[in-house]
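Heads up: the sequence shown begins at 28 in the numbering used here, then just goes up one per residue.
All C-beta atoms in this analysis are idealised placements derived from N, C-alpha and C, irrespective of residue type, glycine included.
Source: prediction; values computed, not measured.
Contents: one structure, followed by commentary.
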Amino acid sequence: MLAALDKDGFIALYINFDSGKAVIGADSQGIIDQIYRLLKDNPGLKVGIEGHTDNSGTPEGNRKLSEDRAAAVVSALKAKGIAAGRLTSTGWGQDRPIADNRSEAGRAQNRRVEIVKK
28 MLAALDKDGF
38 IALYINFDSG
48 KAVIGADSQG
58 IIDQIYRLLK
68 DNPGLKVGIE
78 GHTDNSGTPE
88 GNRKLSEDRA
98 AAVVSALKAK
108 GIAAGRLTST
118 GWGQDRPIAD
128 NRSEAGRAQN
138 RRVEIVKK
């Protein structure tokens, strides 16, 4: 993860949430643990957690959902002991797709959380 952050400045992760909610799925706890280890092993590293959605629903609803999901990841990391000052959260909603929203495969790619090096 650190090599990708150093090279590209961000990592796109696919953290699963309950549909339409900001509850991190149990199957994504391993990803949260990986982010925690990255931050624990690199105490000077500060990151932004950025939430993204597909275009299902309203733009306003998607922005709120993405904000809530990014905040949920930050909360999970803080609960593990990562200092709040090392983390920020932002929700972009459907404004920054990386794939075509006309297919389920594309929509799945757009539903992501990015870790951005600060």
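Could you tell me whether the Cβ atoms of residue i and residue j are closer together than 8 Å?
i	j	result
Glu211	Val143	This structure does not reach residue 211, given that the chain is present from 28 up to 145, and the question cannot be answered.
Val100	Ile59	yes
Asn137	Thr80	yes
Gly120	Arg90	yes
Out of the options, state which residue places its alpha-carbon closest to the alpha-carbon of residue i.
i	options	result
Thr115	Ser46, Leu72, Ile125	Leu72
Ala106	Met28, Ile62, Gly120	Ile62
Lys145	Val74, Leu65, Lys48	Val74
Ala103	Arg64, Thr85, Gln121, Asn69	Arg64
Gly57	Tyr41, Asn69, Pro70, Asp45	Tyr41
Pro70	Asp127, Asn128, Arg129, Ala110	Ala110
Asp45	Phe37, Ser55, Gly36	Ser55
To the nearest whole angstrom, what separates the beta carbons of residue i and residue j, a pair I think is in contact under 8 Å?
i	j	result
Glu163	Ala39	There is simply no residue 163 to check, as the chain begins at 28 and stops at 145 in what is shown.
Gly52	Ser93	So it is not a contact: roughly 16 Å between Cβ atoms.
Ala30	Asp95	About 30 Å separates the two Cβ atoms, so there is no contact after all.
Arg134	Ser83	7 Å
Arg123	Leu66	The Cβ separation is near 24 Å, so there is no contact.
Threshold first: 4 residues or longer. Then list the alpha helix (DSSP H) segments lying entirely within the segment 47–107, N to C. 56–68, 86–106
Can you list the beta strand (DSSP E) stretches of 3 or more residues lying completely in the segment 106–137, in chain order? 114–118
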